[in-house]
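Structure first, then comments.
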Ligand code: SAM
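Residue numbers (our numbering): 2 to 329.
Okay, structure coming up:
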């Protein structure tokens, strides 16, 4: 038994949001007052998340990314991580985090053999960072960056490219990969932040980001990436690290998608752009067995939309919710 959609794509990667809460208020992600968070009992419990992951791993999911909201905001998140490491069907456990709360946990993350940390950091300048995140935590996040860089954990930096705001730092970020073995990934900004679709001054899409970089360097090497990679990857030949661009909004790499998402309230999503297919939390709380869950996962994945445009069209309205709700 495995998860395969009608286009023949095998699903092996789960993005699981462990909470909808976040300690930052990034401008492009949510309004200053935050999003409307749900009642705690509406969130999946760790026990439920563990079970869902186990059932999915029995259907071939071997990679899990824990995200949110900010995963480290949820109490006992590290204990939950530890429990997941006992599932030997999982080859990779990755975490996406803003890094502000993790510096005391880095040794433990190494000990647990967490595969990679994706650290979100949209500016290397204290003031600008504070403007973007609406919180004064740059020092914490940069300390985390340095500690992670010294650790055995694979490190990727997520940089949301915000027109006229941090576009002047694209090259500074690539320069970080000169001496550090890190992967910097530039993410196309998606125009939704929990308030509806926003108008953006100028679209910095994949092409514009790449041509900006191309104008700066004489030699850029295209890297071979895994078929299902979310980013198109490059490096400057003499640099230790690499950089990549994630076409999150232009959606040019959906053809090789191997991912599903589960939100913090248990909504199963075949695609970031769909409106949610069914609520697993309710299904579990109504007494579903593991076999019931498997049957449901298999039939739902079968109908995974071909790409993000089709998913968005099928939901009948534009995506407007925050990535903190969707699970970034
Ligand atoms: N709190 C964690 C973090 O900051 O990494 C995990 C959740 S966050 C929603 C996951 C990723 O989504 C972050 O890298 C964030 O920058 C990105 N993100 C949020 N809203 C976005 C948007 N409108 N467009 C592009 N990326 C976005």
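No residue lacks a Cβ here, since even glycine has one placed at the ideal position from N, Cα and C.
DSSP state of residue 286, grouped into three classes?
helix
Identify which residue in 218, 235, 219 and 220 has its Cα closest to the Cα of residue 226.
235
What are the residues that DSSP puts in a beta bridge with residue 184?
157 and 243
How is residue 314 classed by DSSP in three states: helix, strand or coil?
helix
Going by the DSSP bridge assignment, what does residue 15 pair with across the sheet?
65 and 261
Which parts of the stretch 5-60 are runs of the beta strand (DSSP E), unbroken and 3 residues or longer, counting only runs that do not cross its ends?
14-18
Buried or exposed for residue 269, please, with buried defined as at least 16 other CB atoms from any protein chain shown within 10 angstroms of its CB.
buried
Any contact of the stretch 186-204 with the stretch 309-324, i.e. 3+ C-beta pairs under 8 Å?
yes
Excluding the 5 residues flanking residue 21 on each side, which residues of the same chain have their C-beta closer than 8 Å to its C-beta?
Spatial neighbours of residue 21 in its own chain (CB-CB distance under 8 Å, excluding positions within 5 residues in sequence) are listed in chain order as 36, 38, 39, 44, 69, 70, 264, 265, 266, 325 and 326.
Does DSSP put residue 132 in a helix, a strand or coil?
helix
With a threshold of 16 other CB atoms inside 10 Å of the CB of residue 100, please say whether the residue is buried or exposed.
With 16 or more other CB atoms across the displayed protein chains lying within 10 angstroms of its CB, residue 100 is buried.
Is residue 170 helix, strand or coil when you go by DSSP?
helix
DSSP has residue 120 in a bridge; who is on the other side?
98 and 158.
How would you label residue 157, buried or exposed, when you count the other beta carbons within 10 angstroms and need 16 or more for buried?
buried
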